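Asker:
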Ligand SMILES: Cc1ncc(COP(=O)(O)O)c(C=O)c1O
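Numbering (my numbering), first residue to last: 83 to 466.
So this is what it looks like as structure tokens:
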């Protein structure tokens, strides 16, 4: 059969396990369509178990969880927050919305995570926090970063959008920061279409977080029967998801081990199947440093340059494989220039890898034939 008559291998195929439809119907039948119903409680308990977080609040997205973290930090206009340039705009937006200045640091060429050696030089008297992003769920150098944050009195926040199920030195990602933001967007390992969570590893923050998530009111305490009426207490917004989405999330979290086993099998098949080809063509595969256990969130290749990245994507597309690029640097984006600044040393590595990176299809919904097709298509590309 010619490749053109085959169905395209999608970059992401929404994967559903066993119980999603049953739980969705149950939520609707039960009438628990607003937030904080029985499925929210079930999903939250599962998430706490997986991450070891002291507390967790489901949110409507990772973007909103990050916004909550910015409110919880009581940032003032002009305060500075250090973060990588190589990340999604939500990491920066959350803090810029509070009037704070995102300070963009370069990434390491091996893991593409914030380069911990550049953080100290980016600190000024206005610095209040550092946000790390574990790219592809491969951990940042948390020991060094944690030590710097402690020494300078900075809040450490994990944008853990990629990192559910990842570990650094035996400890789950999401358990290092004062807060961590999770994503359950359709492209993530565990998904409910649009969704997220804020993990809270400090009990004092947890009390206020619950208020901020419920429009700045103590309605959660009222619904638990702890107070006679609820009031407007703080600033906040409506960050809690419908229990219908929590029902979907519960089904996914219950199937976490199966989802992960399948994703790891795909990740490993790429890593082994492309090893010789990558070495012969000057293509780099992901680096997983000692002490990091990754959650198979994404599989990327670093092509020699932009020209080959674009040609490689077109080559795969012609073979019926949908591969995509990823983050564009934030420090040089229009809003990055307007609201942020670049840390000393610039972001040359970020600029370089953003041009060269390509992500291969990866989801628990890919079958073995599709994975073989992706590998075979890549193997016929020659860097010349
Ligand atoms: C690092 C990072 N942070 C935040 C987000 C935003 O996640 P969400 O779509 O759940 O708001 C993304 C999206 O993929 C991301 O990659």
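For each residue, glycine too, the CB sits at the ideal point set by N, CA and C. None of these values were measured; they are calculated from a predicted model.
Helix or strand or just coil, what does DSSP make of residue 85?
Answerer: On the chain shown, residue 85 is found 3 positions in, with the first residue counted as 1. Confidence at residue 85 is low in this model, with a pLDDT of 46, below 50, so the placement of that residue should be treated as unreliable; the coordinate-derived value is given next. DSSP places residue 85 in helix when its eight states are reduced to three.
Asker: According to DSSP, is residue 100 part of a helix, a strand, or is it coil?
Answerer: Your numbering for residue 100 matches position 18 in the chain shown. Residue 100 falls in the coil class under three-state DSSP.
Asker: CA-CA distance, residue 280 and residue 465?
Answerer: Counting from one through the chain shown, the residue named residue 280 turns up at place 198. Counting from one through the chain shown, the residue named residue 465 turns up at place 383. Taking the straight line joining both Cα atoms gives about 43 Å.
Asker: Determine which residues share a DSSP beta bridge with residue 241 and list them.
Answerer: Here residue 241 refers to the residue found at position 159 when the chain shown is read from its first residue. BP columns for residue 241 point to 215 and 263.
Asker: Could you tell me the boundaries of the beta strand (DSSP E) in which residue 166 lies?
Answerer: As a working note, residue 166 is residue 84 in the chain shown. Residue 166 -> beta strand (DSSP E) spans 162 to 166.
Asker: Would you call the region 425 to 433 in contact with the region 188 to 199, where contact means no fewer than 3 C-beta pairs closer than 8 Å?
Answerer: Verdict: yes, contact present.
Asker: Have a look at 170, 331 and 155 and flag the residue whose alpha-carbon is nearest the alpha-carbon of residue 210.
Answerer: Walking along the chain shown from the start, residue 210 turns up at place 128. Comparing Cα positions, the closest option is 155.
Asker: Measure the C-alpha to C-alpha separation of residue 158 and residue 422 and round it to an integer number of angstroms.
Answerer: If you number the chain shown from 1, residue 158 lands on position 76. If you number the chain shown from 1, residue 422 lands on position 340. Approximately 15 Å between the Cα atoms of the pair.
Asker: Check each residue's C-beta against every heavy atom of ligand 1 and list, in chain order, those closer than 6 Å.
Answerer: Any residue whose Cβ sits closer than 6 Å to a heavy atom of ligand 1 makes the list: 143, 144, 145, 169, 170, 172, 173, 215, 241, 243, 265, 267 and 278.
Asker: Would you kindly work out how many angstroms separate the C-alpha atoms of residue 349 and residue 380, rounded to a whole number?
Answerer: Taking the chain shown and counting its residues from 1, one reaches residue 349 at position 267. Taking the chain shown and counting its residues from 1, one reaches residue 380 at position 298. So the alpha carbons of these two residues sit roughly 8 Å apart.
Asker: According to DSSP, what are the bridge partners of residue 362?
Answerer: Translated into the one-based positions of the chain shown, residue 362 becomes position 280. None; residue 362 has no bridge partner.
Asker: Indicate the three-state DSSP secondary structure (helix, strand or coil) for residue 222 in the structure shown.
Answerer: For the purposes of this step, residue 222 is taken as the residue at position 140 of the chain shown. Coil at residue 222, not helix or strand.
Asker: For residue 83, which residues in the same chain have their Cβ closer than 6 Å to its Cβ, ignoring the five residues on either side in sequence?
Answerer: In the chain shown, the residue the question calls residue 83 occupies position 1. In this predicted model, residue 83 has a pLDDT of only 42, less than 50, meaning its place in the structure is not dependable; the value taken from the coordinates is given anyway. If we look at residue 83 and ignore the five residues flanking it on each side, it has no Cβ neighbours.
Asker: Could you tell me whether the region 124 to 132 touches the region 357 to 366, where touching means 3 or more Cβ pairs closer than 8 Å?
Answerer: No, they do not touch.
Asker: Indicate the three-state DSSP secondary structure (helix, strand or coil) for residue 296 in the structure shown.
Answerer: For the purposes of this step, residue 296 is taken as the residue at position 214 of the chain shown. Strand.
Asker: Between which two residues does the beta strand (DSSP E) containing residue 186 stretch?
Answerer: Counting from 1 along the chain shown, the entry for residue 186 is found at position 104. Residues 183 to 187.
Asker: What whole-angstrom Cβ distance do residue 221 and residue 194 have, given they're in contact under 8 Å?
Answerer: Position 139 of the chain shown, counted from the start, is the residue given in the question as residue 221. Position 112 of the chain shown, counted from the start, is the residue given in the question as residue 194. Their Cβ separation, rounded to whole angstroms, is 12 Å, which puts residue 221 and residue 194 out of contact at 8 Å.
Asker: Do you know offhand how far residue 252's Cα is from residue 344's?
Answerer: One-based indexing of the chain shown puts residue 252 at position 170. One-based indexing of the chain shown puts residue 344 at position 262. The alpha-carbon atoms of residue 252 and residue 344 are separated by roughly 22 Å.
Asker: Taking one C-beta from the region 90 to 104 and one from the region 264 to 273 each time, how about it: are there three or more such pairs within less than 8 Å?
Answerer: These segments touch.
Asker: Using a 10 Å radius around the Cβ and a threshold of 16 neighbouring Cβ atoms, would you call residue 378 buried or exposed?
Answerer: The residue given as residue 378 occupies position 296 in the chain shown. Buried, because 16 or more other Cβ atoms sit within 10 Å of the Cβ of residue 378.
Asker: Whose CA, out of 144, 160 and 161, lies closest to the CA of residue 172?
Answerer: Mapped onto the chain shown, residue 172 falls at position 90. If we check each option's Cα against that of residue 172, 144 comes out closest.
Asker: Quick one, are the C-beta atoms of residue 139 and residue 291 less than 8 Å apart?
Answerer: Stepping through the chain shown from its first residue, residue 139 is reached at position 57. Stepping through the chain shown from its first residue, residue 291 is reached at position 209. Yes; because the gap between Cβ atoms is below 8 Å, this pair is in contact.
Asker: For residue 302, which residues from the same chain have a beta carbon less than 6 Å from its beta carbon, with the 5 sequence-adjacent residues on both sides left out?
Answerer: As a position in the chain shown, residue 302 is number 220, starting the count at 1. Answer for residue 302: 292 and 296, listed in chain order.
Asker: To the nearest angstrom, report how far apart residue 454 and residue 382 are at their CA atoms.
Answerer: Looking up residue 454 in the chain shown gives position 372. Looking up residue 382 in the chain shown gives position 300. Cα to Cα, the separation comes out at about 16 Å.
Asker: Take residue 134 and list the residues in its own chain whose beta-carbon comes closer than 6 Å to its own, dropping the five residues that flank it on each side.
Answerer: As a first step, residue 134 must be located in the chain shown, where it is residue number 52. Answer for residue 134: 254 and 257, listed in chain order.
Asker: For the beta strand (DSSP E) containing residue 318, list its first residue and its last residue.
Answerer: Taking the first residue of the chain shown as 1, we reach residue 318 at position 236. Here residue 318 belongs to no beta strand (DSSP E), and DSSP marks it neither H nor E.
Asker: Starting from residue 352, trace the alpha helix (DSSP H) both ways and give me its first and last residue.
Answerer: Mapped onto the chain shown, residue 352 falls at position 270. That run of the alpha helix (DSSP H) goes 338 to 355.
Asker: Is residue 228 helix, strand or coil by DSSP?
Answerer: Numbered from its first residue, the chain shown carries residue 228 at position 146. In this structure, residue 228 counts as helix in the three-state DSSP scheme.
Asker: Return the Cβ separation of residue 106 and residue 326 in integer angstroms, given the expectation that the two are a contact with Cβ distance under 8 Å.
Answerer: As a position in the chain shown, residue 106 is number 24, starting the count at 1. As a position in the chain shown, residue 326 is number 244, starting the count at 1. Right, their Cβ atoms sit about 6 Å apart.
Asker: Could you check which residue in 300, 174 and 167 has the C-alpha nearest to that of residue 161?
Answerer: Against the chain shown, residue 161 aligns to sequence position 79. Per the Cα distances, 174.
Asker: Please go through the same chain and pick out, in chain order, the residues whose beta-carbon is closer than 7 Å to the beta-carbon of residue 85, but skip the five residues on each side of it.
Answerer: The residue labelled residue 85 in the question sits at position 3 within the chain shown. For residue 85, the predicted structure reports a pLDDT of 46, less than 50, and the residue's modelled location is therefore unreliable. A value from the coordinates is still provided. Closer than 7 Å at Cβ, skipping near neighbours: 401 and 402.
Asker: In angstroms with no decimal places, state the Cα-to-Cα distance between residue 141 and residue 218.
Answerer: Against the chain shown, residue 141 aligns to sequence position 59. Against the chain shown, residue 218 aligns to sequence position 136. Distance between the alpha carbons of residue 141 and residue 218 is about 21 Å.
Asker: Answer with buried or exposed for residue 376, where buried requires no fewer than 16 other C-beta atoms within 10 angstroms of its C-beta.
Answerer: Position 294 of the chain shown, counted from the first residue, corresponds to residue 376. Classification of residue 376: buried, given that the 10 Å Cβ count is 16 or more.
Asker: Whole angstroms are fine: how far does the CA of residue 248 sit from the CA of residue 124?
Answerer: Within the chain shown, residue 124 is the residue found at index 42, counting from 1. Within the chain shown, residue 248 is the residue found at index 166, counting from 1. Going from the Cα of residue 124 to the Cα of residue 248 covers about 21 Å.
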